[in-house]
């Protein structure tokens, strides 16, 4: 969680760098935003995969339990 907050803080820093450094800062801000967005997307994809596996395991257990007791 702390990593995501740190990355969001860096994301807020890039527009300031863009204003300070002009066009080079604009390119830096664009690249930084894309990189941070990709990192956050990968982090959420890993969490989504974990939750998907958990749902499948719990759902499979419920389905097996219903099949045994019916």
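Numbering (this note's numbering), first residue to last: 3 to 72. Note that the Cβ used here is the ideal one computed from N, Cα and C, for glycine as well. A quick note: this is a predicted structure, and the numbers were derived from the prediction, not measured.
Rounded straight-line distance, which links the Cα of residue j to that of residue i
| i | j | result |
| --- | --- | --- |
| residue 72 | residue 66 | 10 Å |
| residue 61 | residue 53 | 12 Å |
| residue 11 | residue 50 | 23 Å |
| residue 4 | residue 70 | 44 Å |
| residue 28 | residue 55 | 40 Å |
| residue 57 | residue 38 | 28 Å |
| residue 68 | residue 35 | 48 Å |
| residue 59 | residue 48 | 17 Å |
Residues of its chain near residue i, where Cβ-Cβ distance is below 7 Å and the 5 sequence neighbours each way are ignored
| i | result |
| --- | --- |
| residue 31 | 16, 17, 19, 20 |
| residue 42 | 6, 9 |
Top-ranked residue by Cα proximity to residue i, from the options
| i | options | result |
| --- | --- | --- |
| residue 6 | 56, 22, 40, 29 | 40 |
| residue 33 | 22, 13, 46 | 13 |
Cβ shell of residue i (< 8 Å), same chain only, five flanking positions each side left out
| i | result |
| --- | --- |
| residue 45 | 5, 6 |
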